[in-house]
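Engineer: Provided herewith is a single structure, encoded as structure tokens, for subsequent inquiry.
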Amino acid sequence: MRGRFRLGGAQVMHAYTWLLIGWLVVPISVMILFGFNDPSGRYNQTWQGFTLKWYGEVFALEALTDALVMSLIIAVLTALIAGALGTGIGYALGRFRFRGSGGLNLLMFAAISSPELVMGSSLLSMFVSVGISPGPVTITIAHVMFSVSFVAIVVRARVMTLDRSLEEAAADLGASGWTTFWKVIFPILLPAIFSGVMLAFALSIDDFVITNFTGGTTQTFPMWIWGATRVGLPPQVNVMGTMIFVGGVLIAVISNIRAGRRRVAA
Amino acid sequence: MTTSPPHATSAPPGGGLRAGHPAIEFAGVRKDYLSHGEAVPAVKSLDLAIGQGEFFSLLGPSGCGKTTTMRMIAGFEEPTAGKVFLDGRDVTGVVPNKRDVNMVFQSYALFPHLNVRENVAFGLERKKVAKAEINRRVGEMLDIVSLTGYEKRQPKEMSGGQQQRVALARALVNHPRALLLDEPLGALDLKLRQQMQIELKRIQREVGITFVYVTHDQGEALTMSDRIAVMNGGLIEQLGSPRDIYERPATRFVAGFIGTSNLIDGRVSWADQGLAVIDKGPGERVVVPVPAGVGVGRDIEVSVRPEKIDLHRTIPGNVTGSLLSGVVTEVVYHGTSTNYTVATTAGTDFVVFDQNAHDAEDVASRGERVFLTWAPQHSYPIGV
């Protein structure tokens with residue numbers, strides 16, 4: 001009885017797991033699949049035949065390529081700036097109690113949970129009233145603004161699990177505060193900082209709502225796609241999406257392998 | 001009560017030690033913590049000198065001030081009043097990274113992103129020691145802690161005992177004026193703990209550095225220390241050799257905290273030539289050596305250790321020392337000894353350890369009437 005019940009439980013778990021994996025994988029598979037489609041009209045919506053030509057002509061649409069490059073530049077800048085600022089904020093919040101630390105904590109979560117539409121329109125009013133014309137700079141400032149909280153929260157979580165005696169041990173062994181941070185704290189936080197930076201990159205590269213408000217006439221990858229949906233999406237969009245996806249998977253796989261190797265290293 | 005610190009047997013390490021100075025000295029030190037705006041004393045008053053090359057233990061229950069005392073040596077806490085000297089130099093107010101002492105942390109605090117070699121070399125690299133010299137000293141230290149061949153290991157790949165030895169090597173490789181150990185064996189199991197006690201003692205003899213050892217484990221302190229300071233409530237209750245503290249506890253607290261003690265209250269009914277007698281009913285008495293000036297009528301407290309007491313099933317003749325009778329309330333067999341609890345006229349839970357050296361059949365049972373005797377010199381008056 002007991003054995004059979006267990007077997008049933010295991011089967012349910014299997015089915016559940018595969019269902020969940022399917023839920024995640026099917027939409028991505030459709031995106032990848034339609035990068036190989038050979039549509040006759042302007043609409044890449046029904047399967048009509050296999051082709052590799054879109055991979056050959058991936059950068060053929062100049063406006064789309066420019067938009068992708070713009071998005072990549074903004075995402076890299078956002079990731080770097082938010083990474084640096086977020087690490088500082090996260091470390092300070094996790095490590096010290098100071099005047100206003102409670103308020104800053106709250107602000108981090110408020111920035112994450114406030115509605116994008118409201119934030120986007122507010123940012124636009126702010127830029128207009130300050131007199132900065134919308135463009136790549138305002139987009140980057142806006143992206144850093146909403147992604148810095150994610151970095152700070154990820155880093156703060158790691159800092160809070162750090163053994164406080166690590167810093168004391170470093171001081172005990174003759175390290176100054178500066179040396180302790182760079183030789184001990186920073187290397188230990190690095191995986192968390194890396195996660196935060198990747199998160200900021202991912203948030204930035206596919207942001208539409210806030211970019212739409214703060215970007216003026218600047219075309220980013222999501223903005224271009226939004227404009228193109230009315231006239232039909234070219235399969236190049238699927239190819240670029242696939243490339244971004246494969247890039248993300250590669251980074252995840254490499255960091256996993258490296259972590260594994262560090263664990264096995266003897 | 002105190003004994004003079006033993007002299008270091010080996011040549012002082014590091015060189016440049018100023019002779020004549022204690023390794024560590026506290027002068028009139030007090031430490032208060034602020035809690036909800038109120039000053040709560042952690043260490044009330046501390047005057048203490050720890051000798052060069054000494055294995056010195058700070059022993060006491062949690063909250064007694066022992067860890068605060070150690071952290072003031074390392075510089076992680078600053079005294080509210082008074083001064084701390086290292087090797088004769090006033091280090092009060094000097095930051096931890098400028099103090100020539102090193103610490104072994106309770107959690108070991110090994111740097112998880114560095115391997116064993118890099119962990120041990122950390123302190124020497126901060127001092128800008130030449131690379132070849134670092135390699136030599138790290139190798140030498142890993143040899144002393146028996147970890148040669150483990151250079152490339154990550155801390156998390158090692159057992160608790162091995163991590164402990166890495167922490168020890170990381171501190172000792174700097175040739176500090178003193179090594180501070182904060183309950184370093186707390187996380188190890190009993191067997192490993194006993195091994196490490198012997199190991200620590202051997203290493204201390206080999207390097208000749210002053211060890212300051214914080215522990216709440218009286219067995220550990222007794223086994224390893226040259227001298228022990230028993231702390232309670234922010235004060236040193238007694239300072240002395242392990243034997244002093246065990247055989248001649250100065251206060252009721254020390255008698256109770258170190259090992260098991262039977263405490264007897266009573267009034268002196270007869271005194272002569274340094275011996276006092278407390279009457280405890282017909283034919284029953286406690287005989288205790290006392291200093292001159294303790295006379296008839298004085299109320300005193302006497303401590304006697306359970307292993308000093310002989311338990312008899314019939315009334316013994318010709319007793320020169322103490323004699324009490326009572327009823328056995330508990331018998332616990334411990335292999336090497338049998339522990340009895342006896343209700344007597346001098347106390348209801350008198351503890352007696354009886355070595356199982358003789359015939360195993362000769363055991364008293366629960367409810368049986370027994371007689372307890374011990375020699376006069378095994379009674380010890382407290383606080384007289």
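The listed protein sequences correspond, in order, to chains U and F.
Following full-length UniProt numbering, the numbering of the first sequence begins with 1 at its first residue and continues without gaps.
Following full-length UniProt numbering, the numbering of the second sequence begins with 1 at its first residue and continues without gaps.
Even for Gly, the Cβ is constructed at its ideal location relative to N, Cα and C.
In three-state DSSP terms, what is residue 47 of chain U?
Structural biologist: Reduced to three states, the DSSP call for residue 47 of chain U is coil.
Engineer: If we count the other Cβ atoms within 10 Å of its Cβ and call it buried at 16 or more, is residue 225 of chain F buried or exposed?
Structural biologist: With 16 or more Cβ atoms within 10 Å of its Cβ, residue 225 of chain F is classed as buried.
Engineer: To which residues of the same chain is residue 222 of chain F closer than 7 Å at the C-beta, ignoring the five residues directly before and after it?
Structural biologist: So the qualifying residues of the chain are 242 and 246.
Engineer: Under 8 Å between the Cβ atoms of residue 83 of chain F and residue 92 of chain F?
Structural biologist: Yes, these two residues count as a Cβ contact at 8 Å.
Engineer: Tell me which residues share the same chain as residue 3 of chain U and place their Cβ nearer than 8 Å to its Cβ, disregarding the 5 neighbours each side in the sequence.
Structural biologist: Per-residue confidence for residue 3 of chain U stands at a pLDDT of 49, beneath the threshold of 50, marking its modelled position as unreliable; the derived number appears in the next sentence. Counting only Cβ-Cβ distances below 8 Å, and skipping sequence neighbours, we find nothing.
Engineer: Enumerated in chain order, which unbroken segments of the alpha helix (DSSP H) with a length of 4 residues or greater are wholly contained in the segment 165-248 of chain U?
Structural biologist: Counting whole runs of 4 or more residues, the segment 165-248 of chain U contains the alpha helix (DSSP H) stretches 165-172, 177-180, 186-205, 209-214 and 221-228.
Engineer: Under a three-way DSSP split, which group does residue 150 of chain F fall into?
Structural biologist: Residue 150 of chain F falls in the coil class under three-state DSSP.
Engineer: Give me, in chain order, the residues of the same chain whose beta-carbon lies closer than 7 Å to that of residue 108 of chain F; leave out the 5 immediate sequence neighbours on both sides.
Structural biologist: Correct list, in chain order: 163, 164 and 167.
Engineer: Would you call the CB atoms of residue 75 of chain U and residue 204 of chain U closer than 8 Å?
Structural biologist: For residue 75 of chain U and residue 204 of chain U, yes; Cβs fall inside 8 Å.
Engineer: Name the chain F residues whose beta carbon is nearer than 7 Å to that of residue 174 of chain U?
Structural biologist: Result: 97, 123, 126 and 127.
Engineer: Strictly by DSSP, which residues pair up with residue 210 of chain F?
Structural biologist: Bridge partners of residue 210 of chain F: F/178.
Engineer: Residue 107 of chain F CB to nearest chain U CB: under 8 Å?
Structural biologist: Judged by the 8 Å Cβ criterion, residue 107 of chain F is in contact with chain U.
Engineer: In three-state terms, what does DSSP make of residue 108 of chain F?
Structural biologist: Here residue 108 of chain F sits in coil by DSSP.
Engineer: Is it the case that the Cβ atoms of residue 210 of chain U and residue 123 of chain U are separated by a distance below 8 Å?
Structural biologist: The answer is yes: Cβ separation under 8 Å.
Engineer: Residues of chain U with a CB under 7 Å from the CB of residue 113 of chain F: which are they?
Structural biologist: Here the neighbours are 187 and 188.
Engineer: Helix, strand or coil, according to DSSP, for residue 252 of chain U in the structure here?
Structural biologist: Note: residue 252 of chain U maps to helix in three-state DSSP.
Engineer: Look up residue 380 of chain F in the DSSP assignment and give the residues it is bridged to.
Structural biologist: Partner(s): F/303.
Engineer: From the DSSP output, read off the bridge partner residues of residue 355 of chain F.
Structural biologist: Its beta-bridge partners are F/337.
Engineer: Count the other C-beta atoms from every protein chain shown that fall within 10 angstroms of the C-beta of residue 374 of chain F, then say buried if there are 16 or more, exposed otherwise.
Structural biologist: With 16 or more other Cβ atoms within 10 Å, it is buried.
Engineer: Between residue 194 of chain F and residue 158 of chain U, what straight-line distance do the alpha-carbon atoms span, to the nearest angstrom?
Structural biologist: Rounded to the nearest angstrom, the two C-alpha atoms are 36 Å apart.
Engineer: For residue 143 of chain F and residue 127 of chain F, I'd like the C-alpha separation in whole angstroms.
Structural biologist: Between residue 143 of chain F and residue 127 of chain F, the C-alpha separation is close to 22 Å.
Engineer: Pull up the distance between the alpha-carbon of residue 258 of chain F and that of residue 100 of chain F, whole angstroms please.
Structural biologist: One C-alpha to the other measures close to 32 Å.
Engineer: Roughly how many angstroms separate the alpha carbons of residue 95 of chain F and residue 26 of chain F, rounded to a whole number?
Structural biologist: Their backbone Cα atoms lie some 17 Å apart in a straight line.
Engineer: Between the segment 64-97 of chain F and chain U, which residues of the former have CB atoms less than 7 Å from a CB of the latter, in chain order?
Structural biologist: Listed by position along the chain: 74, 76, 96 and 97.
Engineer: State the beta-bridge partners of residue 18 of chain U as determined by DSSP.
Structural biologist: For residue 18 of chain U, which the question treats as bridged, DSSP gives no partner whatsoever.
Engineer: Identify, in the order they occur along the chain, each residue of the same chain with its Cβ nearer than 7 Å to the Cβ of residue 90 of chain F, setting aside the five sequence neighbours on each side.
Structural biologist: Same-chain partners within the cutoff: 83.
Engineer: Let me see if you follow: with CB-CB separation under 8 Å, is residue 277 of chain U close to chain F or not?
Structural biologist: Residue 277 of chain U lies beyond the residue range present for chain U, which begins at 1 and ends at 266; the question has no answer from this structure.
Engineer: What are the residues that DSSP puts in a beta bridge with residue 55 of chain U?
Structural biologist: Residue 55 of chain U pairs with nothing; no bridge assigned.
Engineer: In angstroms with no decimal places, state the Cα-to-Cα distance between residue 211 of chain F and residue 80 of chain F.
Structural biologist: In a straight line, the C-alpha of residue 211 of chain F is about 25 Å away from that of residue 80 of chain F.
Engineer: Mind checking residue 344 of chain F: buried by the 16 CB within 10 Å criterion, or exposed?
Structural biologist: Classification of residue 344 of chain F: buried, given that the 10 Å Cβ count is 16 or more.
Engineer: Out of F/172, F/217, F/207 and F/350, which one is the CA nearest neighbour of residue 264 of chain F?
Structural biologist: The shortest C-alpha separation from residue 264 of chain F is found at F/350.
Engineer: Tell me whether residue 143 of chain F sits in a helix, a strand or coil according to DSSP, three-state version.
Structural biologist: The answer is helix: DSSP assigns residue 143 of chain F an H, G or I state.
Engineer: Just to make sure I have the definition right: I need the residues of chain F whose C-beta is within less than 7 Å of the C-beta of residue 184 of chain U. Which are they?
Structural biologist: 111, listed in chain order.
Engineer: Where residue 381 of chain F and residue 151 of chain F are concerned, what is the direct C-alpha to C-alpha distance, given to the nearest angstrom?
Structural biologist: Cα-Cα distance, rounded: 55 Å.
Engineer: For the segment 159-173 of chain U, which residues have a beta carbon sitting closer than 7 Å to at least one beta carbon of chain C?
Structural biologist: Looking for chain C here will not work: the only protein chains present are U and F.
Engineer: Taking C-beta pairs closer than 9 Å, name the residues in chain U that residue 158 of chain F reaches, listed in chain order.
Structural biologist: Those within 9 Å of residue 158 of chain F in chain U number zero; the least Cβ separation is about 11 Å.
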